[in-house]
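In full-length UniProt numbering, the protein residues as written are 1 to 717.
Glycine residues also receive a C-beta, built at the ideal position from the N, C-alpha and C atoms.
The structure presented is a predicted model; accordingly, all values stated were derived computationally and were not measured.
Dropping the structure here:
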């Protein structure tokens, strides 16, 4: 450790050197790496956070090696060639291209320095030009200037790495062993982020963990609930643990705006966009794919926003999100993105394109993965004389499994059922006059031989489709169709009686105030919700019985979310509205359990659960023998009910005692005022009204006297 220097000694040294300390910005002084100059920090966590911030001092400078060595007369020509190559990738600062010359031979030294306006431009140039072949003898080797210092620190002799002792961590899935089988959720309001148990039996939440300013924008659970991710200016972080949420890993990505986990939680995608130095250019986009456990960047993608804006439904700065879509299952084996006339599919073993090339599909507009199998569904719109089409492509063979041509198509959307058994394609078609459209569905039976397709049209094919949703793990789907404010809701099944290969309509509910559908994760139950203009109308519907269980309202509700078990539902009013911010917790059949109001309420997210390890047969057995398994929980419910009853009795007893105390206080005050009352009654002692006789007494009272003087002459007349 360096010797500590007092402030008086610093002033003496500065006076001797003629340095004015008042002109020095002390905040801009950086200590040498690994040296605290004798002043240890009292906030190690703050130092760790600061370590994520990149030093921007030389981050915009490149070192380009393996250039031709040329004499003085060819210097300008070589400089012009280099400038032409690198100015296409960013704005080079004035005087920002420097190519050193040997003072003795007056020849270049075979490398140069290039300074851009921004670090993002420098990083992009490095990625695009490293390995660039100027000619057969000169292949560019490009490095960031900041990396040179790292290379110089590499020791000449190899030394074995230090092996740290293994320290077992907390069990990240311990929350699943809760004896009450409760679920957790996270909320954000004001500057606080809280994780809570949903204690529906007690009809209130129970705090697990609370932290102020935990994130700078939003939080997000990983798909199986193992991690909670937070977003900061320096990057993202994940947290987890048994009782407290400890930071498990950080992912350095300055100015990160969006994050996305792979379905198996193995990878984390982070996204940022940066304004270009030239206003005429588009935003620069940076995407990193991290290994969740190690924090290592497995691959990064950089480019203009235009390169990532093809297809999808739009996102930030014109970029569709998520940019990368993952294949179904926990293996996280493939991910893909859409480009101009191509679908690029990558495999995670090497993070490179399958067969080192993309799938060429002219005019492809959208794609999606099967939730369970490596199958892509692609939509290509009409182009010239070519009809629109939907194709199913097997990965990694890229074999086309099925194709359906579609004519007079205005728009098309694809909906996969959660088990990957069915694919519904909603097709909006033009009428013959081209002045209006009508809608139909193409239903693909993915798991059946040759993937048969069935066409479904509504009874009134001119009805507008407002919402569509598959029953999770089931064979039914719901459609809201018709005109607002009271459209119809229809339910269909992919089975028809004993015929499992034909779609059939179950029922149509007429005139419902609904514009959104929310199926229970376990199927059977669905909420018909009227959001936005319908002010939070909720209808809890049992599709097995085709019966409404309850109707309710959460005024101005912005979100509806089922818990992962399908037992409870949360409805929330976020800060989109200024009033009534907070959330309600309901039972699956529409009973309001409790309500929490929170000012400046931003987020409500149930903690997901990993898939069950039970086989389908075992789940069916449990359902069949549910009464046997439920005896234990019925006893627990009875205990809770007794406890609640006891608590209710205690509450009523307390209210009664408060009431009696108030009565006694009033009686005491009444006794103290007895003499005053007797005085007002002219000495009568009794307070009983029955002992007095009411009499009517007329009282004359002079209200006003006016005096007027009349002149004598007037009186004579």
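Quiz item: Using a Cβ-Cβ cut-off of 8 Å (strictly less than) and excluding sequence neighbours within five positions of residue 108, which residues of its own chain qualify?
Solution: 67, 68, 69, 70, 75, 78, 99, 100, 101 and 102
Practice problem: Kindly indicate which three-state DSSP category residue 664 falls into: helix, strand or coil? | Solution: helix
Quiz item: Excluding five sequence neighbours on each side, which residues of the same chain lie with their C-beta closer than 8 Å to the C-beta of residue 547?
Solution: 541
Practice problem: Taking residue 423 and residue 493 to be in contact with their CB atoms under 8 Å, please state how far apart those CB atoms are, rounded to whole angstroms. | Solution: No, residue 423 and residue 493 are not in contact; Cβ-Cβ is about 16 Å, not under 8 Å.
Self-check item: Inter-residue Cα distance where the pair is residue 407 and residue 146
Solution: 57 Å
Self-check item: For residue 530, three-class secondary structure by DSSP
Solution: strand
Quiz item: Beta carbon of residue 300, beta carbon of residue 267: below 8 Å?
Solution: no
Quiz item: Looking at the structure shown, is residue 324 part of a helix, part of a strand, or coil, going by DSSP?
Solution: coil
Quiz item: Under three-state DSSP, which class holds residue 408?
Solution: coil
Quiz item: Using the rule of at least 16 other Cβ atoms within 10 Å of the residue's Cβ for burial, across every protein chain shown, is residue 348 buried or exposed?
Solution: buried
Quiz item: Tell me the DSSP bridge mates of residue 97?
Solution: 114
Self-check item: Reference residue 557; option with closest CA among 563, 550 and 572
Solution: 572
Exercise. Within its chain, find whatever has a CB closer than 8 Å to the CB of residue 158; leave out the 5 residues flanking it on each side and keep chain order.
Key: none
Quiz item: Among 431, 180, 462 and 502, which residue has its Cα nearest to the Cα of residue 635?
Solution: 180
Practice problem: Confirm, please, whether the CB-CB distance from residue 474 to residue 420 is below 8 Å. | Solution: no
Self-check item: Continuous beta strand (DSSP E) stretch holding residue 86: start and end
Solution: Premise fails: residue 86 lies in the alpha helix (DSSP H), 75-87, not in any beta strand (DSSP E).
Quiz item: Which stretch, first to last residue, makes up the beta strand (DSSP E) that contains residue 193?
Solution: 192-199
Self-check item: Whole alpha helix (DSSP H) elements within the segment 554-616, 4-residue minimum
Solution: none
Self-check item: Euclidean distance between Cα positions of residue 264 and residue 331
Solution: 6 Å
Quiz prompt | 8 Å Cβ cutoff met for residue 191 and residue 212 | solution = yes
Quiz item: Out of curiosity, what's the CA-to-CA distance linking residue 172 and residue 610?
Solution: 12 Å
Quiz item: So, helix, strand or coil for residue 214, using DSSP?
Solution: coil
Quiz item: Less than 8 Å separating the beta-carbons of residue 188 and residue 199?
Solution: no
Exercise. Please name the residue, chosen from 595, 569, 218 and 605, that lies closest to residue 589 on a Cα-to-Cα basis.
Key: 569
Quiz prompt | Element boundaries [alpha helix (DSSP H), containing residue 145] | solution = 145-152
Quiz item: In this structure, what does DSSP give as the bridge partners for residue 369?
Solution: 376
Quiz item: Taking C-beta to C-beta, are residue 363 and residue 385 nearer than 8 Å?
Solution: no
Practice problem: In angstroms with no decimal places, state the Cα-to-Cα distance between residue 458 and residue 437. | Solution: 14 Å
Quiz item: Leaving out five residues before and five after residue 344 in sequence, what residues of the same chain have Cβ atoms less than 7 Å from its Cβ?
Solution: 336, 337, 353 and 358
Practice problem: Rounded to whole angstroms, what's the CA-CA distance from residue 355 to residue 130? Just pull it up for me. | Solution: 23 Å
Quiz prompt | Counterpart residues of residue 548 in DSSP-defined beta bridges | solution = 541
Quiz prompt | Neighbour-count burial assignment, residue 46, 16 or more Cβ in a 10 Å radius | solution = At residue 46, the pLDDT of 36 sits below 50, so the modelled position is not reliable; the number obtained from the coordinates is stated separately. By the neighbour-count rule (16 or more Cβ atoms within 10 Å), residue 46 is not buried but exposed.
Quiz item: Can you list, in chain order, the residues of its chain whose CB lies under 8 Å from that of residue 451, leaving out five sequence neighbours each side?
Solution: 392, 401, 402, 444 and 445
Exercise. Kindly indicate the opening and closing residues of the alpha helix (DSSP H) around residue 505.
Key: Per DSSP, residue 505 belongs to no alpha helix (DSSP H); it is in the beta strand (DSSP E), 504-509.
Quiz item: My guess is that residue 509 and residue 488 are in contact by the Cβ rule of under 8 Å, so how many angstroms apart are they, rounded?
Solution: 6 Å
Exercise. Quick one: give me the first and last residue of the beta strand (DSSP E) that residue 398 is part of.
Key: Segment: none, residue 398 is in no beta strand (DSSP E) and carries neither H nor E.
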